[in-house]
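S.K.: Count along the sequence shown from 1, then add 788; that gives the number in my numbering. Using N, Cα and C, we set each Cβ at its ideal position, and we do this for glycine too. In this text, all values refer to a predicted model and were calculated from it rather than measured experimentally. A single structure is presented below for examination.
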Amino acid sequence: HIITFLTTLLFVSSLHLYGKNRSIASGLLAGFLLGFNAFIGYFDALLIFLPFLFYILWHYRRQSFYLLLLMAIGAMPFIVLILSYNYLITGDAWLSVSRWAYPEKRLGFVKGHTLLKGFEHVVRWVLLFFYWCSPGFLILYLVFLFRKVQSRVARFLNPEDYLFLCLMAGYFFYYQVGGNQYGPRFLFAGFPFLVLFVVSRTMAMQGKWPMAVLLASLVYPIVKFPFISHRERQVVEQRQDLFDLVRKEKISNAVVFVSSSTCPIRPMPVDDLTRNDSKFENDVIYALELPQISDKLMQYYSDRSFYRYVRDLDKGKGQLVKIR
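Here it is, written out as structure tokens:
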């Protein structure tokens, strides 16, 4: 998400630069950065590109084909890389590795995802935004965005103003709320443009109430920072409990069965704690404790010692129990 954040910033800058100088290099660079975005995540790249596609078709009209062609050429290295990567792993250039490995990862109302859950996800993202940032920024964003849409001229300018909303609307149809996130991670790439939009509109209006809300929004995260830093330090320490125990007890040449999640404040499920190298040859291997499979693992790694990680659900610290 950090890289997507950066490439999106550079992508938007490149398109604005193209609008000023009509430079071939700027058009190619915009396509290259969008392709880079797609290499990181197809869906993010699509949602980021959509408002700009409408803007390009509206603003450049007949000349839009030329810019889109430049962008396609710029994105070509990553398109070739993505298709080659898919083919080498799945045997089909058009079958993505993520769909091949996790066929359940789809958009729409699948895996129990419903319209109601979509709205629940939005509420949770908003609350996370309030927690990590400020309610004032979101209030001003929605107010200014409503006014922007009402203006026939302004509504088609600066498509990056819609990115935050586009990401939220797109991920409304994704069954996962965001997993182990520190803030609403699906919306992260749109955050800098939300701030720029809010600050620029507030300064342009010179109104008392928008300026007051903006100033409060800047003070709010500073005041709450000590609380957040203390709480999040607890979250990180509790989530690392399993690995800290292994280091503390100097365990090596072992297999650890993970039978409990970590962190009662913000639980990290057992599936996310089985971190191993690609060949399962690391000094300490982490595995789920499953009937029959666990016995086979103990036979296969007969030269290793075995432990079980257990934790009371209401406690932040667990313990390692030696099995063999």
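(1) As a quick exercise: from 798, 1080 and 1092, pick the residue whose alpha carbon is nearest that of residue 1068.
(2) Taking buried to mean at least 16 other C-beta atoms within 10 Å of its own C-beta, is residue 989 buried or exposed?
(3) In whole angstroms, what is the alpha-carbon distance linking residue 1057 and residue 921?
(4) Between the alpha carbons of residue 854 and residue 839, how many angstroms are there, rounded?
(5) Look at the alpha carbon of residue 1079 and the alpha carbon of residue 1032, and state the distance between them as a whole number of angstroms.
(6) Find the nearest neighbour of residue 958 within the set 811, 832, 819 and 912, judged by alpha-carbon distance.
(7) Could you give the DSSP three-state label for residue 1121: helix, strand or coil?
(8) Cα separation between residue 1052 and residue 924?
(9) Buried or exposed: which applies to residue 1064, given that a residue is buried once 16 or more other Cβ atoms fall within 10 Å of its Cβ?
(10) Can we say the stretch 960-968 touches the stretch 898-906, given the rule of at least three CB pairs closer than 8 Å?
(11) Output the distance between the C-alpha atoms of residue 1097 and residue 896, rounded to the nearest integer angstrom.
(12) Using DSSP with H/G/I as helix, E/B as strand and the rest coil, what is residue 990?
(13) Using the three-state DSSP reduction, which class does residue 1108 fall into: helix, strand or coil?
(14) Would DSSP call residue 1068 helix, strand or coil?
(15) Give the single residue among 1054, 1071 and 1050 whose Cα lies nearest to the Cα of residue 1038.
(16) Going by DSSP, name the residue or residues bridged to residue 1094.
(17) If residue 986 sits next to residue 917, beta carbons under 8 Å apart, how far is it from one beta carbon to the other, in whole angstroms?
(18) Can you list, in chain order, the residues of its chain with a C-beta nearer than 8 Å to that of residue 953? Leave out the 5 residues immediately preceding and following it.
M.R.: Looking at the coordinates:
(1) On the sequence shown, position 280 is the one that residue 1068 refers to. Looking at the Cα atoms, 1092 is the closest of the given residues.
(2) By 1-based counting over the sequence shown, the position of residue 989 is 201. Residue 989 comes out buried.
(3) In the sequence shown, residue 1057 corresponds to position 269, counting from 1. In the sequence shown, residue 921 corresponds to position 133, counting from 1. Going from the Cα of residue 1057 to the Cα of residue 921 covers about 26 Å.
(4) Position 66 of the sequence shown, counting from 1, holds the residue named residue 854. Position 51 of the sequence shown, counting from 1, holds the residue named residue 839. Distance between the alpha carbons of residue 854 and residue 839 is about 18 Å.
(5) By 1-based counting over the sequence shown, the position of residue 1079 is 291. By 1-based counting over the sequence shown, the position of residue 1032 is 244. Cα to Cα, residue 1079 sits roughly 27 Å from residue 1032.
(6) Looking up residue 958 in the sequence shown gives position 170. Of the candidates 811, 832, 819 and 912, the one whose C-alpha sits nearest the C-alpha of residue 958 is 832.
(7) Here the chain has residues from 789 to 1112 only, and residue 1121 is not among them.
(8) On the sequence shown, residue 1052 is found 264 positions in, with the first residue counted as 1. On the sequence shown, residue 924 is found 136 positions in, with the first residue counted as 1. About 30 Å.
(9) Here residue 1064 refers to the residue found at position 276 when the sequence shown is read from its first residue. Exposed.
(10) yes
(11) Along the sequence shown, one-based indexing puts residue 1097 at 309. Along the sequence shown, one-based indexing puts residue 896 at 108. So the two alpha carbons sit approximately 36 Å from each other.
(12) Here residue 990 refers to the residue found at position 202 when the sequence shown is read from its first residue. Three-state result, residue 990: helix.
(13) Within the sequence shown, the letter at position 320 stands for residue 1108. Correct three-state label for residue 1108: strand.
(14) For the purposes of this step, residue 1068 is identified with residue 280 of the sequence shown, where counting begins at 1. Residue 1068: coil per DSSP, three-state reduction.
(15) Stepping through the sequence shown from its first residue, residue 1038 is reached at position 250. It is 1071.
(16) Along the sequence shown, one-based indexing puts residue 1094 at 306. Answer is 1043, bridged to residue 1094.
(17) Sequence index remark: in the sequence shown, residue 986 carries index 198 (1-based). Sequence index remark: in the sequence shown, residue 917 carries index 129 (1-based). Between residue 917 and residue 986 the Cβ distance is about 13 Å, and since that is not below 8 Å, they are no contact.
(18) Within the sequence shown, the letter at position 165 stands for residue 953. The answer, listed in chain order, is 933 and 978.
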